[in-house]
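Asker:
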Amino acid sequence: MQTSPTRNRTGRAGKARAIDAIAAAHEREVERLARDIESIQSASGSVKDEDLLTLGWSLPKIAELAPDALKRVRGRALREMN
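Right, here's the structure in full:
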């Protein structure tokens, strides 16, 4: 059974929207983690996993998002220094 070209395009567009939604959700989570890291850093001078766990983050989520979040934190800190 063949599908119509219109249906295929709609399917691809739907997949693209789903991928965009996942990417946007990931970006929001990275930003939230970066802000939490900055808040903890400014309050206590250092950040430990335990600090983030008390804010509701899980270790797997920290491991997944921390590299991107730390890049944001470093970037903002460098911009503030300049």
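One gets our numbering by counting positions in the sequence shown from 1 and adding 1307 to each. Using N, Cα and C, we set each Cβ at its ideal position, and we do this for glycine too.
1. Given L1377, which residues of its chain have a CB within under 8 Å of its CB, disregarding the five upstream and five downstream residues?
2. Tell me the rounded alpha-carbon separation between E1357 and W1364.
3. Out of curiosity, what's the CA-to-CA distance linking V1354 and R1319?
4. Taking the beta carbon of A1325 as the centre, do at least 16 other beta carbons fall within 10 Å, making it buried, or is it exposed?
Answerer: Taking the definition as stated:
1. A1341 and I1344
2. C-alpha of E1357 to C-alpha of W1364: approximately 9 Å in a straight line.
3. 42 Å
4. exposed
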